[in-house]
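There are 2 protein chains.
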Amino acid sequence: MTTELPGNGGFGDPAFLPNTQQGIRRRNLSLVLQAITAHGPLSRAAVASRIGLTRAAVSTLVDELIRADLLVELGPERPGTVGRPGSALTVGERGPVGLGAEIGVDHLAVCAVDLHGKVRARASLASDNRGRPPEPVLKELARLVREVITASRSAGLRPAGLAVAVPGLVARDSHTVVRAPNLGWSELDLGPYLLDGLPLSVDNEANLGALAELWIGGDPAPQDFVHVSAEIGIGAAVVVGGRLLRGTHGFAGELGHMPVRPEGPACPCGGRGCLEQYAGEEAVLRAAGLPYGEGGIGLLATRAEEGDAQVRRALRGAGAALGIALSGAVNLLDPQTVVLGGALSRLSPWLLPSLERELARRTADPARPRGGTVTVSRLGSEGPLLGAAHSVVRAVLDDPASVAGAQR
Amino acid sequence: MTTELPGNGGFGDPAFLPNTQQGIRRRNLSLVLQAITAHGPLSRAAVASRIGLTRAAVSTLVDELIRADLLVELGPERPGTVGRPGSALTVGERGPVGLGAEIGVDHLAVCAVDLHGKVRARASLASDNRGRPPEPVLKELARLVREVITASRSAGLRPAGLAVAVPGLVARDSHTVVRAPNLGWSELDLGPYLLDGLPLSVDNEANLGALAELWIGGDPAPQDFVHVSAEIGIGAAVVVGGRLLRGTHGFAGELGHMPVRPEGPACPCGGRGCLEQYAGEEAVLRAAGLPYGEGGIGLLATRAEEGDAQVRRALRGAGAALGIALSGAVNLLDPQTVVLGGALSRLSPWLLPSLERELARRTADPARPRGGTVTVSRLGSEGPLLGAAHSVVRAVLDDPASVAGAQR
DNA sequence: ACTAATTTGTCAATCGGCATGACGAAATAG
DNA sequence: CTATTTCGTCATGCCGATTGACAAATTAGT
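Chains V and A, in that order, are what the protein sequence lines are. Residues 1 to 408 in full-length UniProt numbering are what the first sequence spells out, letter by letter. Residues 1 to 408 in full-length UniProt numbering are what the second sequence spells out, letter by letter.
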């Protein structure tokens with residue numbers, strides 16, 4: 001039995017810390033650490049004014065974080081201004097790392113990310129996991145995890161937890177995959193395979209991809225956006241105020257069944273003319289005249305890059321349907337931006353024009369001049385893996401005391 | 001110049017309190033007060049275990065709140081269990097009240113609500129404000145406000161702030177109405193008319209109606225819902241995790257331009273076949289064979305109640321369109337419930353059946369068994385006014401120290 | 001009825017942790 | 001070279017939560 005990741009370990013609200021003396025201390029440790037990770041190297045004085053504490057108080061907090069290998073002193077800053085220069089602090093390169101793992105339909109991958117957000121170790125393996133029984137897959141994954149753990153340890157890093165991205169539905173706050181249609185798995189508890197004494201969390205890959213966008217996607221990273229990916233169905237993760245919206249039952253983000261043409265073809269969901277009927281993988285492949293089956297999206301991208309007119313036309317149509325569906329989401333949520341992530345980022349050259357046209361047309365209320373921008377993720381298909389690793393890093397940032405205590 | 005309402009005065013995030021000693025104290029005062037308002041009369045011990053502090057600490061906090069007239073001691077609780085019975089605490093009836101005001105197209109209203117959530121004083125005035133110049137309207141409103149203030153004062157209550165609900169767009173964190181089409185107002189600062197030394201806030205009536213639903217709408221009140229009203233256009237306020245989603249530009253909640261039939265009639269917004277073309281006031285009146293103009297929705301309700309077949313058919317059609325549009329929102333957000341508020345609650349008997357049918361049909365994914373419920377607001381057209389008053393009450397609950405200091 | 005057990009509210013003492021004010025150190029400005 | 005500014009640290013103080021004990025008020029058990 002292992003403890004769950006503390007704080008915002010990728011799941012739900014940050015742990016409720018009571019306003020007791022220890023709680024305050026822990027929160028202040030977190031504030032100091034987060035200020036420094038978010039806003040580059042900072043002096044103690046700069047941190048103090050930023051989080052509203054005194055320099056003296058910050059000094060003791062910093063001391064504690066340095067002792068825990070979470071911060072390092074870089075030495076005096078470039079002067080530039082009057083007064084004694086501060087001593088720059090930054091997150092250590094020798095502290096904890098977050099482990100992220102991804103179970104894809106055609107590959108397995110594991111990586112370790114430090115507090116800087118840098119990938120410090122990685123391992124991956126191509127393997128067709130469609131319909132394969134879970135046991136051998138998870139044993140291979142466990143092997144990769146151990147590989148990355150030993151690599152990290154020999155570099156002086158301490159793995160602080162493992163988060164796994166899965167192409168399917170995951171029960172909240174559990175290690176159980178409820179349903180992963182592309183893998184053919186259901187009701188599977190990953191705990192027994194991956195719990196090596198490390199805190200474990202399991203989450204949907206679209207969610208983790210969106211969180212990656214939130215944490216490392218841009219500079220500055222948007223805090224309110226709709227992240228569209230097309231891993232299973234057409235998923236749209238909604239991030240509001242820097243928090244992922246998961247929904248009451250954990251099913252939020254289903255864009256695939258947005259009504260696009262209410263009298264259109266029937267959809268397995270029970271509705272008619274859902275987006276999935278126009279922009280789903282199967283529908284697009286059919287419109288492109290390509291076979292449905294292995295490597296669908298990759299094939300689409302290759303053909304489109306080669307200049308195949310029918311494929312490009314199919315993608316334009318999918319983009320228009322996406323634009324219609326997204327206009328509803330944009331009008332409802334007024335996000336800062338819409339991000340095309342995952343495999344969609346590779347298809348974006350052909351999707352974007354029609355998508356943006358439809359979206360702009362339908363969100364052009366003159367009284368509500370929105371910035372209506374659509375951006376393409378830099379992370380691409382790496383998003384879920386990086387998001388998983390970063391979710392562990394965030395847990396450390398949210399409660400540094402927990403790992404500091406574990407180390408001592 | 002007056003200070004803005006502190007904390008979550010109806011706007012944005014609660015004020016950032018640094019984790020300094022005073023900040024902690026203020027947060028703890030708020031925690032105690034909120035625990036007691038939210039969960040009925042509680043003993044000090046019950047509060048302590050609920051918020052994670054010790055009984056001794058809670059005792060001093062309670063003393064302070066009692067001195068500030070925010071809490072009163074009810075005396076010993078009914079025993080029922082072993083051990084010494086606690087002394088029940090509840091919010092006082094003699095403390096601060098929140099003032100809410102509403103500027104409707106055909107009336108003005110003001111009320112005072114105490115920490116219990118009870119309306120303690122009210123005043124209203126029928127007046128057709130469509131296209132009337134703002135000055136006389138606001139002078140009348142100011143008179144009503146003064147009336148309610150004196151009534152409150154003579155009952156031993158201290159008004160702690162005034163919030164105004166307006167049928168239009170309001171600039172964030174300001175007193176300025178950007179655009180109120182039904183009134184014919186634009187770029188109007190309400191501050192000069194209503195600032196009597198009381199903290200003032202101004203907000204859109206649909207937002208305040210949704211917040212009312214969140215704060216006093218049910219037992220227990222839902223924390224994640226979509227609140228649909230039809231005051232101006234078709235507004236859908238989204239509440240996520242107990243917080244109103246306002247959007248990057250403050251324009252969130254536009255449901256009227258959800259695509260219902262992408263090839264349908266052109267909409268002034270630039271799109272085609274938007275919900276407003278099927279369920280907007282004008283469209284429904286036309287389908288019902290009624291004139292567009294004064295008292296539209298009221299007329300619809302009356303005729304429907306009388307059994308007018310064409311009106312009922314029109315409402316069924318509008319309900320179906322609403323259901324289609326809402327299915328998109330429900331699939332995207334996975335809310336606990338959809339609430340029909342404002343004028344829609346009166347029309348609900350004829351809207352609901354077709355609405356629920358379309359909504360259920362399109363959110364019936366067997367892998368995602370949602371509770372997909374639609375409820376009708378109990379508050380009806382009172383929502384915005386009560387929400388306004390409650391937003392002031394919430395500001396007090398969020399930072400009791402502010403009013404306690406003001407009183408001393 | 002009496003005792004034991006349990007829970008509450010309060011008090012005095014303690015302690016954790018931030019604030020305060022002063023200091024030396026390290027830079028710039030003149 | 002001095003005055004000024006800012007930084008980091010230290011000793012001290014103080015606020016406020018914790019601790020432990022106690023009387024009070026109830027139930028449970030004999």
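Each residue gets a CB set at the ideal place from its N, CA and C atoms; glycine is no exception.
Item	Value
Run the CB neighbour count on Glu-135/A, radius 10 Å, all protein chains shown included, and call it buried at 16 or more, exposed below.	exposed
So which residues of chain A does Gln-336/V contact, with C-beta pairs closer than 8 Å?	Thr-248
Step through the CB atoms of chain V and report whether any lies within less than 8 Å of the CB of Thr-20/A.	yes
Between the C-alpha atoms of Asp-66/A and Ala-48/A, what's the straight-line distance to the nearest angstrom?	Here the sequence assigns Ile to residue 66/A, which means Asp is not the residue at that position. Ile-66/A and Ala-48/A: Cα-Cα distance of roughly 16 Å.
Taking CB distances under 8 Å as the criterion, tell me whether Gly-52/V reaches chain A.	yes
Tell me the rounded alpha-carbon separation between Val-32/A and His-257/A.	43 Å
Taking only the alpha-carbon atoms, compute the straight-line gap between residue 410/A and Asn-204/V and give it to the nearest angstrom.	Absent from the model: residue 410/A. The displayed extent of chain A is 1 to 408, so no value can be given.
With 8 Å as the C-beta to C-beta threshold (strictly closer), list the residues of the stretch 19-41 of chain A near chain V in chain order.	Asn-19, Thr-20, Gly-23, Ile-24, Arg-27, Asn-28, Leu-31
For chain A, is any of its Cβ atoms less than 8 Å away from the one on Ser-327/V?	yes
State buried or exposed for Ala-389/A, treating a residue as buried only when at least 16 other CB atoms are found within 10 Å of its CB.	buried
Let me see if you follow: with CB-CB separation under 8 Å, is Asp-399/A close to chain V or not?	no
Arg-25/A lies in the alpha helix (DSSP H); which residues open and close that run?	21-38
Within the continuous beta strand (DSSP E) that includes Leu-200/A, where are the two ends?	200-204
Is Arg-179/V helix, strand or coil when you go by DSSP?	strand
As a quick exercise: from Pro-181/A, Pro-259/A, Asp-173/A, Phe-251/A, pick the residue whose alpha carbon is nearest that of Gly-323/A.	Pro-259/A
My guess is that Ser-391/A and Leu-211/A are in contact by the Cβ rule of under 8 Å, so how many angstroms apart are they, rounded?	6 Å
Can you confirm whether Gln-407/A, when its beta carbon is compared against all beta carbons of chain V, has any partner nearer than 8 Å?	Residue confidence is low: Gln-407/A scores 45 on pLDDT, short of 50, so the model does not pin down where it sits. Its coordinate-derived value is still stated next. Chain V contact via Cβ: absent.
Using only the alpha-carbon positions, how far apart do Leu-115/A and Thr-302/A sit?	36 Å
Name the chain V residues whose beta carbon is nearer than 7 Å to that of Val-239/A?	Here the premise fails: no neighbours, minimum Cβ distance about 11 Å.
Which same chain residues end up closer than 6 Å to Ala-45/A when comparing Cβ atoms and leaving out the 5 residues on each side of it in sequence?	Arg-55, Gly-86
I'd like the list of long-range same chain contacts for Ser-327/A, defined as Cβ closer than 7 Å, with 5 residues on each side in sequence excluded.	Glu-358, Leu-359, Arg-362, Thr-363
Give, in chain order, every residue of the stretch 202-219 of chain V whose Cβ lies closer than 8 Å to some Cβ of chain A.	none
According to DSSP, which residues form a beta bridge with Val-260/V?	Note: Val-260/V sits in no beta bridge, so no partner.
Pull up the distance between the alpha-carbon of Gly-209/V and that of Glu-73/V, whole angstroms please.	33 Å
For Asp-63/A, does the count of other Cβ atoms within 10 angstroms reach 16, so buried, or fall short, so exposed?	exposed
Does any residue of chain A have a CB that is nearer than 8 Å to the CB of Pro-353/V?	no
Nearest to Val-145/A by alpha carbon, out of Ala-160/A, Val-226/A, Val-178/A?	Ala-160/A
Pull up the distance between the alpha-carbon of Glu-102/A and that of Thr-90/V, whole angstroms please.	52 Å
Considering only DSSP beta bridges, list what residue 409/A is partnered with.	Absent from the structure is residue 409/A, since the part of chain A shown begins at 1 and ends at 408.
Does any C-beta atom of chain V lie closer than 8 Å to the C-beta of Ala-126/A?	no
Under 8 Å, with one C-beta from each stretch per pair, do the stretch 346-357 of chain A and the stretch 273-291 of chain V reach the 3-pair mark?	no
So which residues on chain A does His-107/V lean against when the C-beta distance must stay under 7 Å?	Those within 7 Å of His-107/V in chain A number zero; the least Cβ separation is about 25 Å.
Would DSSP call Arg-122/V helix, strand or coil?	strand
Would you list the residues sitting across from Phe-225/A in a DSSP beta bridge?	Val-239/A, Thr-337/A
Quick one: is His-257/V near chain A, going by C-beta distance under 8 Å?	yes
Is there a Cβ of chain V sitting closer than 8 Å to that of Pro-14/A, yes or no?	Legend: pLDDT at Pro-14/A = 49, less than 50; position of this residue unreliable, value from coordinates given subsequently. Closer than 8 Å: no.
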